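Chains as they are written, first to last, in full-length UniProt numbering: chain A, 1 to 343; chain B, 1 to 343.
Think of the CB as a built atom: it goes at the ideal place given N, C-alpha and C, for glycine as much as any other residue.
A quick note: this is a predicted structure, and the numbers were derived from the prediction, not measured.
Okay, structure first, notes after.
So this is what it looks like as structure tokens:
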């Protein structure tokens, strides 16, 4: 299950509500982030095992980029739990112990083989009945991610450990202590679980959501699918799998973490993009930094260190690495000025 | 006499070799700097009394902007002395005591009436046989201008004083002392003198230049004008009136200065432009500064103080006020990369 959502407004003007991050080739690889996600899941699940869930506005663009993919256009955004829950409910009807997983469409992973090895271990752990997350090794004291605290190793598994708790985005001091301890990893929302296990947790923790998903799943392979979606989807609880399942189940010892040893970034802002992608050509005079240029305009920077310049047909953004997180205020400001075309 | 030259490379990419500063409406007034120069000289000299000297490459553009102007296309650039010397030689043939003056085409003057009053006093002083310069009141300790030191007041004149010396661009400490003393003004190359007086100084100080100018002037109102220009112009000494006449004559007490009390800038760089022109529309987030935008692209700046952003169809420049002087390195760098189109 690949949830393809989020506008990536901290990468404005490259990423827009109309052509969000996951639809873009931000790393210059020739494949968009969505297509790279597909490529790395294909050896694990096969084409018929990959399901992309996206908003109505992007369903056509997703289908264009992934002609072989099954695309579910959400009638309305419901966050990650309903999407993966629906996948579990549909598959559980004929294969209850199948394993399902959720992987965002807009992450960059530097080593597909290490990623696939981690997922394979997660599948093995999930088969034992655990909800499994893949934790990312922190490279700095980020306050932009939630953290996962690992406890004792799981017997018989190469690297998996029990999870003692999930922590929401911490302050900088706390984040520094987490990273220094070595026991914490970043929560990137990668979850792997057996379909029947997930449905069991849902039935127990979120009965109305479970009932709604069951109703849609029952109609899935019938002519009533669209009618069932229209009727039940808007009533499904809007919640992330982290909050719906992972956190409460972790308190009962039901969650495990497999450490992801692969280079990873969610390309959350221009600082992350600058670390990942090559700068476009520019003239630097007493200056350095990163340029993303979608036009033929010649970009020149004089006297600014760690500058970030992004140029598209309709916009020019200038900032510095240190202010990369503040970029999300820009499309908001343009919208306040009535420039919906820039959002 | 209006010398229209100089590429204004510190205002790149707005100002280019192909469309230099004087051809641009940099102040948003609806008139280019050249046209504004014409407008403020018209009440002083009349249309038939204004002569624009420019390079071959810009003669057509100048004539387009000033349909009523007499335009002299220099066969090759010779700096300001030959141009004003030729005007003096041509006019002296039938009106030896006529007064000629030289005013650059790319300056911005904030009060035309104060400017005209200063020129009228300069004309009165020039009639007595002095070479007269209009000195600009320094607004800061600039190291980008030469300075003029004033001595005693001239008897019978409202504000004019004798000039004790001209000083080349000083260092910052010296400039600070000059400004603090109150005796120094900036030399902006504005000179007013009687035609016969100028020719007399030229004959004495630069005999070959004087001979060449005389030869061209003799042919001016004949069919031999173009032939004389082609023959003699390339041999005329390439020198500014400051160095050719004003400095040596000042040592003999032959130069006077009229203090210019009008707001003035040569728009030498983006800091000067930001002080003079209104910033184009932009979104500022934890930032402030100046935007000159010739495109429809929406410009946004995040986290940079005193930012300067200039956007044209083919270029984007990003800098800060403090680095405005370094911008001239940018077109040089592009040319080194083979991008002559950007120079």
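List the residues that DSSP assigns as beta-bridge partners of residue 70 of chain A. Sequence index remark: in the first chain, residue 70 of chain A carries index 70 (1-based). Note: residue 70 of chain A is bridge-paired with A/51 in the DSSP secondary-structure output.
Quick one: any contact between the stretch 70 to 82 of chain A and the stretch 232 to 243 of chain A, if contact means 3 or more CB pairs under 8 angstroms? Yes, the stretch 70 to 82 of chain A is in contact with the stretch 232 to 243 of chain A.
Using a Cβ cut-off of 7 angstroms, pull out every chain B residue sitting near residue 342 of chain A, in sequence order please. Mapped onto the first chain, residue 342 of chain A falls at position 342. Taking the beta carbon of residue 342 of chain A as reference, the chain B residues within 7 angstroms of it are 298, listed in sequence order.
Three-way DSSP call (helix, strand, coil) for residue 40 of chain B in this model: Locating residue 40 of chain B in the second chain gives position 40, counting from the first residue. Three-state DSSP puts residue 40 of chain B in a helix.
Where are the beta strand (DSSP E) runs, 3 residues long or more, that stay fully inside the stretch 194 to 278 of chain B, in chain order? Runs found: 255 to 260.
Leaving out five residues before and five after residue 150 of chain A in sequence, what residues of the same chain have Cβ atoms less than 8 angstroms from its Cβ? What you label residue 150 of chain A is simply residue 150 of the first chain in a count that begins at 1. If we look at residue 150 of chain A and ignore the five residues flanking it on each side, its Cβ neighbours are 135, 161, 162, 163, 164, 183, 184, 185, 257 and 259.
For a contact defined as C-beta to C-beta under 8 angstroms, what are the partners of residue 339 of chain A on chain B? Against the first chain, residue 339 of chain A aligns to sequence position 339. Going along chain B in sequence order, the residues near residue 339 of chain A (Cβ under 8 angstroms) are 298.
8 angstroms Cβ cutoff, residue 241 of chain A in contact with chain B: Residue mapping note: residue 241 of chain A aligns to position 241 of the first chain, counting from 1. By this cut-off, residue 241 of chain A is not an interface position.
Identify the contact partners of residue 329 of chain A in chain B, using a Cβ-Cβ distance below 7 angstroms as the criterion. On the first chain, residue 329 of chain A is found 329 positions in, with the first residue counted as 1. Going along chain B in sequence order, the residues near residue 329 of chain A (Cβ under 7 angstroms) are 285.
Whether residue 244 of chain B touches residue 283 of chain A by CB criterion (8 angstroms): Position 244 of the second chain, counting from 1, holds the residue named residue 244 of chain B. Position 283 of the first chain, counting from 1, holds the residue named residue 283 of chain A. Annotated as distal: residue 244 of chain B and residue 283 of chain A, with beta-carbon spacing of 8 angstroms or more.
Can you check which of these residues, B/179, B/294, B/321 and B/342, is closest to residue 270 of chain B by C-alpha distance? Numbered from its first residue, the second chain carries residue 270 of chain B at position 270. Looking at B/179, B/294, B/321 and B/342, the one whose alpha-carbon comes closest to that of residue 270 of chain B is B/321.
Does the Cβ-Cβ distance between residue 99 of chain A and residue 194 of chain A come in under 8 angstroms? As a working note, residue 99 of chain A is residue 99 in the first chain. As a working note, residue 194 of chain A is residue 194 in the first chain. By the CB criterion at 8 angstroms, residue 99 of chain A and residue 194 of chain A fall inside the cutoff.
When DSSP labels each residue in this structure, what does residue 149 of chain B get in the three-state scheme? Here the question's residue 149 of chain B lines up with position 149 in the second chain. Collapsing the DSSP output to three states places residue 149 of chain B in a strand.
Under the rule that 16 or more other beta-carbon atoms within 10 Å means buried, what is residue 168 of chain A, buried or exposed? As a position in the first chain, residue 168 of chain A is number 168, starting the count at 1. Counting Cβ neighbours within 10 Å, residue 168 of chain A comes out exposed, since fewer than 16 surround it.
Under the rule that 16 or more other beta-carbon atoms within 10 Å means buried, what is residue 422 of chain B, buried or exposed? Missing from the structure shown is residue 422 of chain B; chain B here goes from 1 to 343 and no further.
What is the rounded straight-line gap between the Cα of residue 26 of chain A and the Cα of residue 116 of chain A? Residue numbering aside, residue 26 of chain A sits at position 26 when the first chain is read from its first letter. Residue numbering aside, residue 116 of chain A sits at position 116 when the first chain is read from its first letter. The C-alpha of residue 116 of chain A is placed about 22 angstroms away from the C-alpha of residue 26 of chain A.
Looking at the structure shown, is residue 192 of chain A part of a helix, part of a strand, or coil, going by DSSP? Counting from 1 along the first chain, the entry for residue 192 of chain A is found at position 192. Strand, per DSSP.
Under 8 angstroms between C-beta atoms, does residue 292 of chain A make it to chain B? What you label residue 292 of chain A is simply residue 292 of the first chain in a count that begins at 1. Chain B places no beta carbon closer than 8 angstroms to that of residue 292 of chain A, leaving this residue out of the contacts.
Let me know the secondary structure DSSP gives residue 85 of chain A once reduced to three states. Numbered from 1 along the first chain, position 85 holds the residue referred to as residue 85 of chain A. If DSSP states are grouped into helix, strand and coil, residue 85 of chain A belongs with the helices.
So is residue 222 of chain B buried or exposed if we call it buried at 16+ other beta carbons inside 10 Å? One-based indexing of the second chain puts residue 222 of chain B at position 222. Per the 10 Å Cβ criterion, exposed.
I'd like to know whether the C-beta of residue 14 of chain A is nearer than 8 angstroms to at least one C-beta of chain B. Counting from 1 along the first chain, the entry for residue 14 of chain A is found at position 14. Answer no: the Cβ-Cβ gap between residue 14 of chain A and chain B never drops below 8 angstroms.
DSSP three-state call for residue 185 of chain B: helix, strand or coil? As a working note, residue 185 of chain B is residue 185 in the second chain. Strand, per DSSP.
Which chain A residues are close to residue 315 of chain B, counting only those with a beta carbon under 9 angstroms from its beta carbon? As a first step, residue 315 of chain B is located in the second chain; it is residue number 315 there, counting from the start. Within chain A, the residues near residue 315 of chain B are 297, 298, 299 and 300.
Can you have a look at residue 89 of chain A and say buried or exposed, based on whether 16 or more other CB atoms are within 10 angstroms of its CB? Counting from one through the first chain, the residue named residue 89 of chain A turns up at place 89. Residue burial is scored here from C-beta neighbours: residue 89 of chain A has at least 16 other C-beta atoms within 10 angstroms and is therefore classed as buried.
Between residue 92 of chain A and the rest of its own chain, which residues show a CB-CB distance below 8 angstroms, the 5 nearest in sequence each way excluded? Within the first chain, numbered from 1, the residue matching residue 92 of chain A stands at position 92. For residue 92 of chain A, where only same-chain residues beyond five positions count, the Cβ hits under 8 angstroms are 98, 195, 196, 199 and 217.
Applying a beta-carbon distance threshold of less than 7 angstroms, which residues of chain B neighbour residue 326 of chain A? One-based indexing of the first chain puts residue 326 of chain A at position 326. What residue 326 of chain A touches in chain B: 285, 286, 302 and 303.
Taking all protein chains shown into account, decide if residue 56 of chain A is buried (16 or more other Cβ within 10 angstroms of its Cβ) or exposed. On the first chain, residue 56 of chain A is found 56 positions in, with the first residue counted as 1. Exposed, by the Cβ-count rule.
Quick check for students: name the residue ranges of the beta strand (DSSP E) that lie wholly in the UniProt domain "MannoseP isomerase/GMP-like beta-helix" (281 to 330) of chain A, counting only runs of 3 or more. Inside the UniProt domain "MannoseP isomerase/GMP-like beta-helix" (281 to 330) of chain A, DSSP marks whole beta strand (DSSP E) runs of 3 or more residues at positions 283 to 285, 289 to 293, 298 to 302, 307 to 312 and 315 to 320, from first to last along the chain.
Contacting positions in the stretch 118 to 133 of chain A - beta carbon closer than 7 angstroms to chain B: Those would be none; no residue qualifies.
Figure out for me which residue from B/148, B/252 and B/85 has the closest Cα to the Cα of residue 207 of chain B. Sequence index remark: in the second chain, residue 207 of chain B carries index 207 (1-based). For the set B/148, B/252 and B/85, the Cα lying nearest the Cα of residue 207 of chain B is the one of B/85.
With a 10 Å radius around its C-beta and 16 neighbouring C-beta atoms as the bar for buried, classify residue 94 of chain A as buried or exposed. As a first step, residue 94 of chain A must be located in the first chain, where it is residue number 94. Its Cβ having fewer than 16 others within 10 Å, residue 94 of chain A is exposed.
Buried or exposed for residue 230 of chain A, going by 16 or more other Cβ atoms inside 10 Å? Working through the first chain from its first residue, we reach residue 230 of chain A at position 230. That one is exposed.
At a Cβ threshold of 8 angstroms, is residue 174 of chain B touching chain A? One-based indexing of the second chain puts residue 174 of chain B at position 174. Using a CB distance cut-off of 8 angstroms, residue 174 of chain B does not count as an interface residue toward chain A.
Spell out the partners DSSP gives residue 165 of chain B in its beta bridges. Residue numbering aside, residue 165 of chain B sits at position 165 when the second chain is read from its first letter. Per DSSP, B/149.
Could you tell me if residue 313 of chain A is buried or exposed, where buried requires 16 or more neighbouring beta carbons within 10 angstroms of its beta carbon? On the first chain, residue 313 of chain A is found 313 positions in, with the first residue counted as 1. By the 10 Å Cβ count, residue 313 of chain A comes out exposed.
Who are the Cβ neighbours of residue 42 of chain B in its own chain at under 8 angstroms, not counting the five residues just before and after it? As a first step, residue 42 of chain B is located in the second chain; it is residue number 42 there, counting from the start. Only 50 meet the Cβ criterion.
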